[in-house]
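In the numbering used here, the protein residues as written are 582 to 656. Beta carbons are placed, not taken as given, at the ideal position from N, Cα and C, and that holds for glycine. Notes for the one structure printed next.
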């Protein structure tokens with residue numbers, strides 16, 4: 582067996598077993614559990630990025646609306 586395929590085989594054997602056990606416990610197919618984990622990963626990464634963009638946009642708008650004055654006499 583190639584050096585590259587040994588770790589891949591190890592993770593496939595033990596990692597897919599976790600999904601299989603969860604599927605057996607819930608009474609559904611393992612393929613559904615695996616795809617759910619993949620979709621959930623994409624959703625959480627996308628949500629974090631969207632939250633970052635929203636906060637950056639909000640801070641930019643806040644800086645445009647509320648101008649900082651250096652002293653009381655600038656009113």
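One alpha carbon belongs to residue 594, the other to residue 629, and they sit about 31 angstroms apart.
Put simply, the backbone Cα of residue 605 is about 11 angstroms away from that of residue 612.
In this chain, residue 584 is not harboured by any alpha helix (DSSP H), its DSSP state being neither H nor E.
In the assembly as shown, residue 589 is an exposed residue. Its beta-carbon has fewer than 16 other beta-carbons within 10 Å.
Within the same chain, and ignoring the five residues on either side of residue 615 in sequence, the residues whose Cβ sits closer than 7 angstroms to its Cβ are 600.
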